[in-house]
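Chains as they are written, first to last, in this note's numbering: chain A, 13 to 129; chain B, 168 to 1034. Don't be surprised by glycine CBs; every beta carbon is placed ideally from N, CA and C. No experiment lies behind these values; they were computed from the predicted model shown.
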Amino acid sequence: MKETRLGDFEEVILLLVGILDEEAYAFKIAEEFESQTERSVSIGAVHSTLNRLGEKGFLTSEMGESTAERGGRRKRIYSITASGQRVLQESRDFKVSLWNQFPAFASGNLKIEWLNL
Amino acid sequence: MKRKNKQITPPRLAERFLLWFLKADLAEEVLGDLDEKFYSQLKKHSAFKARRNYWFQVFNYLRPFALKASSYRSNNLTMLKHNLLISFRSFMRFKSTFLINLFGLASGLACTLLIYLWVTDEMRINRFHEKGDRIYQVLQHNRWGTSVQTMTNTPRPLAAALKADFPEVEHSVSVNDDWADTPGVVSFGETKFKAKDNQVDADFFNIFSYELLQGNPANPIPDTKSVLISDKLATKLFKSVDNVVGKTVHWDQYEMSGDYLITGVFKAPSSQSSKHFELLFSEELLVERVDGYANWNNNNDRTFVLLKEGSDARAFNEKIEHYLKTKMDSEKNTLSVQKFGDRYLFGSFQNAEQAGGRIVYVRLFSLVALFILGIACINFMNLTTAKATNRMKEIGVKKAIGANRHTLASQYLSESLLLSFIALLVAILITSLFIGQFNEITGKQLALNLEPELIIGALTITIFTGLVSGSYPALYLSGLHPIAMLKGKLKQTFGDTWLRKGLVIFQFTISAILITAVMVVSEQISYIQNKNLGFKKENLLRFDYVTEEGPGFRAFIEELKSIPGVVEASGAVDDATGMHGGTGNVAWPGKEEGSRTYFEILNVGYDFLETMNIEMALGRSYEPGRDKPGRSKIIFNEAAIRAMGLKDPIGKTVQIQREKSEVIGVVKDFHFQTMYQDIAPLYIQLGGQFEYTLIRLRPENMSATMAAIEEVYDSHLDGVPFDFTFVDSDYDAMYQQEQSISSLSKYFAAIAIIISCLGLLGLTAFTAEKRSKEIGIRKVLGSGNWRIIYLLSSDFTRMILVALFIGLPISYYVAQEWIQNFAYGIELSIYQFLFVGLLTIVIAWVAVGFQTLKAAGANPVDALRSE
Chain A
13 MKETRLGDFE EVILLLVGIL DEEAYAFKIA EEFESQTERS VSIGAVHSTL
63 NRLGEKGFLT SEMGESTAER GGRRKRIYSI TASGQRVLQE SRDFKVSLWN
113 QFPAFASGNL KIEWLNL
Chain B
168 MKRKNKQITP PRLAERFLLW FLKADLAEEV LGDLDEKFYS QLKKHSAFKA
218 RRNYWFQVFN YLRPFALKAS SYRSNNLTML KHNLLISFRS FMRFKSTFLI
268 NLFGLASGLA CTLLIYLWVT DEMRINRFHE KGDRIYQVLQ HNRWGTSVQT
318 MTNTPRPLAA ALKADFPEVE HSVSVNDDWA DTPGVVSFGE TKFKAKDNQV
368 DADFFNIFSY ELLQGNPANP IPDTKSVLIS DKLATKLFKS VDNVVGKTVH
418 WDQYEMSGDY LITGVFKAPS SQSSKHFELL FSEELLVERV DGYANWNNNN
468 DRTFVLLKEG SDARAFNEKI EHYLKTKMDS EKNTLSVQKF GDRYLFGSFQ
518 NAEQAGGRIV YVRLFSLVAL FILGIACINF MNLTTAKATN RMKEIGVKKA
568 IGANRHTLAS QYLSESLLLS FIALLVAILI TSLFIGQFNE ITGKQLALNL
618 EPELIIGALT ITIFTGLVSG SYPALYLSGL HPIAMLKGKL KQTFGDTWLR
668 KGLVIFQFTI SAILITAVMV VSEQISYIQN KNLGFKKENL LRFDYVTEEG
718 PGFRAFIEEL KSIPGVVEAS GAVDDATGMH GGTGNVAWPG KEEGSRTYFE
768 ILNVGYDFLE TMNIEMALGR SYEPGRDKPG RSKIIFNEAA IRAMGLKDPI
818 GKTVQIQREK SEVIGVVKDF HFQTMYQDIA PLYIQLGGQF EYTLIRLRPE
868 NMSATMAAIE EVYDSHLDGV PFDFTFVDSD YDAMYQQEQS ISSLSKYFAA
918 IAIIISCLGL LGLTAFTAEK RSKEIGIRKV LGSGNWRIIY LLSSDFTRMI
968 LVALFIGLPI SYYVAQEWIQ NFAYGIELSI YQFLFVGLLT IVIAWVAVGF
1018 QTLKAAGANP VDALRSE
């Protein structure tokens, strides 16, 4: 029985996979994470999360092409599955519904900066 | 492979490490990612940082998802876990065996730890000098008498002469530490303290690593008016170590008395130094103040040399052997050097050859530690193999499903290792509890500090113990036949029981030897302490008082004598327990030409013989007014008269160092040296200067008498603390080493016998349990309780008898050797050894008595009903 909810870090990684599209492999995802959040992360940690997301069925992967700076080695490209997309949507809907229930936010009195996670 | 930067590549080692633990199917992508990371780092940072980051990334792949599922490693881990679990279960199941083993091993380890601490401390004494491997002490072998006596006393000019004549000598130094035996009094204004001094040459600090804190290192003691003091003394005198240099202190000690300028401060010698001094004067001071001090025939100094690097001490020894003859024509004494660091442990000489010393005790105690640990290991072996019958099924099943010998052996080894590590924890607890008492007995300041050496030592001992005690069970149990085990048909072979019995015999042999040691040592010590010494050592008070014979001192003595509780009082230089001089230069009427007899000399005050209660055999004692200090009137002891063959000695004239002396009396022989020596020829002369005062007290009303004495003392020696000792306790202190050996051997023997008995108890319990059915049937058929007790105890009684048969002759031999060191030793009798044997048997019976009584008294129905 695999856990089917998303953790915070997992959600970000999943989104980054979607953003990077064809370039979504561990090294690039880690770089992107660091540049977007200005927090450092090891490739191993990202890889571990990608692996877990794969086990949960939110990601699939296949080997891509190789480049020179990889010493001729191929990379593993990740892509979001249908259930991955669904779980992202659910996560967003859930949060939006929470936002809406918060009177101060719902009345529009506060400026909200979206998605600054 | 093409790379942008051919020189700089990811660290190979990190890559190899990664591949070692990483799942094979992840290797390609991960290595690719990490390479890409590395080269992107390289663009922004230095090669070092990029490499460091690579390592960081590699370590971050140590995550469960990425690890190889190695069958080999996980299996080992599982087996280890399984083994530990099984060990714990068997500990819980056989609690008494576990506790016996634990207690035995823990006390064995605790003894070993204590002895280890003591031995390492002994080994460190005087070994802290940086140039230690080149510092040698010159020894003089006295060849005047019939046997060769080795002494450290050498002539004053020797140090300088050796340096001048032998190129291999880098530095040399004369040190006088004789005066340190009688402390002087150092004073600054009204503050006075007793302190120990040495006189040294300029190169003292160039040879030894005593630390000069303040002062001129090139010439710390520039002249005979200067003194160096220790930082401790400085704090005592001036409350601080700063601004001490340049102050003047007064020193009271005999010829050395006077005012001295402090020219430096040194760090007080640590406990690792065998020498403890608080003041250092110049050697020249002695030359200045003592007549003839710098003569070649005046042996008052210790000589140390620092040999140049690469010098051969043996060759140097040969060169200097007859060196004294080049200075004095008729000299027979020879010289040799010994490494100073070895002096402490290897200090004894026989016929000019190194023989024994404290190292004997170091070895002895190491051996005792090994034996006690061995006894504890034997318990583990015996109980484990005996109990193995209870675990036969477990081993049988394991073997049947394919466990090989190696696996089973490692199971038993891990069990014994686990136990020995638990025992180590308990042992550390025991050690920290008893280290205070141990220090008291041995006179050391040992502590359980977490030094790396101690940790390594303790771990080595523990692992060694675990492996030794586990080895036999491991080999024995893993070699048994599985089918026989499962069917329960396994018979204990002759070899097993023989070995187990042999081990028990070994245990009790050692125990018997240790018990004998305790008995012999303590009897010898009480013999020494209670032997008639020829004088009465009880109620004799002494305190240091360095002064000249004269009206002032006479008045002091008379004042003391007027105290009602004082019987007699006298000044004295030499005493009956400490150092004194000697000479071979005595001539008497009828002396054979060329023969030499060595005479000991006691310098005493007028009433010394009366105060000591030494009886006169012939003639009279000294009388004030009639006899003057010096050698003109002397008194011999009976041994001296015998040695000279002098008839009718009173009134005869002898020549001592070419001076005429009249013999006025002969004292009965009394012991003025240790019991290791025969009573030697001795003459007594009146001293002109005294080092201490001796008072005989009445046993009644001691405290009032003491108060009165202190009053008289204070009126004459104002400000000097009244430090007194009693001669009988000084006398006991002479045998302090024997005392501590005696009490230590008591403890060790007790521990050895307790551990042995515990083992026996375990074995008896096991036998009683195994034979419970047999015992039940015997009882049902009418056997009495005593018959059962006999049945259970006859077996081990036989073993103990064999042990005694082996142990007692050995201990008799060892005891005889030891006793022979004493000129006055006890007679060993056969009854003492019979007593030891009986004692061992009784102790063993008592130990197992409860168990056998329980087995014999059990209701046979309980044993027979089961199954």
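Continuous alpha helix (DSSP H) stretch holding residue i: start and end
i       : result
K940(B) : 939 to 947
H59(A)  : 55 to 68
A435(B) : Note, A435(B): premise wrong, no alpha helix (DSSP H); not H, not E.
F448(B) : Taken as a continuous stretch (DSSP letters only), F448(B) belongs to no alpha helix (DSSP H), being part of the beta strand (DSSP E) at 446 to 449.
V408(B) : Element bounds for V408(B): n/a, residue is neither H nor E.
K40(A)  : 38 to 49
Best match in the options for proximity to residue i [C-alpha to C-alpha]
i        : options                             : result
W755(B)  : V821(B), I801(B), A806(B), L785(B)  : V821(B)
G84(A)   : G30(A), M75(A), I55(A)              : M75(A)
N462(B)  : L491(B), L474(B), K434(B), E476(B)  : L491(B)
V830(B)  : S799(B), F839(B), M842(B)           : S799(B)
K1067(B) : A1030(B), L272(B), F483(B)          : Residue coverage of chain B in this structure runs from 168 to 1034, which leaves residue 1067(B) outside it and unanswerable.
F516(B)  : V315(B), N804(B), F258(B)           : V315(B)
L927(B)  : L591(B), Q674(B), G431(B)           : Q674(B)
E790(B)  : D815(B), M811(B), Q852(B)           : Q852(B)
M495(B)  : L428(B), P322(B), G610(B)           : P322(B)
G943(B)  : A273(B), K1021(B), E759(B)          : K1021(B)
I801(B)  : M779(B), N780(B), F766(B)           : F766(B)
R230(B)  : I55(A), I25(A), R104(A), D33(A)     : I55(A)
D845(B)  : R469(B), A1014(B), Q612(B), Q987(B) : Q987(B)
L1005(B) : Y979(B), L971(B), A1023(B)          : L971(B)
E805(B)  : K611(B), A847(B), Q612(B)           : A847(B)
D895(B)  : K704(B), L201(B), S645(B)           : K704(B)
K361(B)  : R310(B), D419(B), V394(B)           : D419(B)
A919(B)  : Y283(B), C278(B), H573(B), L180(B)  : C278(B)
The beta strand (DSSP E) enclosing residue i, as first and last residue numbers
i       : result
W463(B) : Counting along the chain, W463(B) falls outside any beta strand (DSSP E), and DSSP gives it neither H nor E.
N804(B) : 797 to 804
A784(B) : 783 to 786
A277(B) : Looking at the DSSP string, A277(B) is not in any beta strand (DSSP E); the run it does join, the alpha helix (DSSP H), is 262 to 291.
D419(B) : 415 to 419
Local Cβ density within 10 Å of residue i, reported as buried at 16 or more and exposed below that
i       : result
H648(B) : exposed
N128(A) : For N128(A), the predicted model reports a pLDDT of 49, less than 50, meaning its position is unreliable; a value from the coordinates is still stated below. That one is exposed.
F538(B) : buried
K40(A)  : buried
R709(B) : buried
S909(B) : buried
Y998(B) : exposed
E445(B) : buried
H838(B) : buried
V833(B) : buried
G199(B) : buried
E335(B) : buried
M13(A)  : No answer about M13(A) holds up, because its pLDDT of 36 lies below 50 and its placement is not dependable.
Expected contact under 8 Å - CB spacing of residue i and residue j to nearest Å
i       : j       : result
E378(B) : F433(B) : 6 Å
Q307(B) : N320(B) : 6 Å
Y228(B) : P177(B) : So it is not a contact: roughly 13 Å between Cβ atoms.
V24(A)  : A42(A)  : At roughly 12 Å, the Cβ-Cβ gap does not stay under 8 Å, so V24(A) and A42(A) are not in contact.
L453(B) : Q366(B) : 5 Å
L849(B) : A916(B) : Not really, about 39 Å apart at Cβ, beyond 8 Å.
L550(B) : A641(B) : That pair is no contact at about 14 Å.
Taking the runs of the beta strand (DSSP E) that are 3 residues or longer, which of them lie wholly in the segment 366 to 400 of chain B?
379 to 381, 393 to 397
In chain order, which beta strand (DSSP E) runs of at least 3 residues are fully inside the segment 821 to 872 of chain B?
826 to 834, 849 to 853, 856 to 864
Ranges of the beta strand (DSSP E) found wholly within the segment 302 to 357 of chain B, counting only runs of at least 3:
302 to 309, 316 to 318, 336 to 343, 351 to 355
Contained alpha helix (DSSP H) runs [length at least 4] in the segment 596 to 675 of chain B, N- to C-terminal order
For the segment 596 to 675 of chain B, the full-length alpha helix (DSSP H) segments reaching 4 residues or more read 619 to 645, 649 to 654 along the chain.
Hey, which unbroken runs of the beta strand (DSSP E) at 3 residues or more fall wholly within the segment 482 to 517 of chain B?
501 to 506
What are the complete alpha helix (DSSP H) segments, minimum 4 residues, inside the segment 941 to 1009 of chain B?
952 to 986
Residue ranges of each alpha helix (DSSP H) run of no fewer than 4 residues wholly in the segment 169 to 235 of chain B, ordered along the chain?
Secondary structure remark: continuous alpha helix (DSSP H) runs of at least 4 residues inside the segment 169 to 235 of chain B, in chain order: 179 to 188, 194 to 211, 214 to 226.
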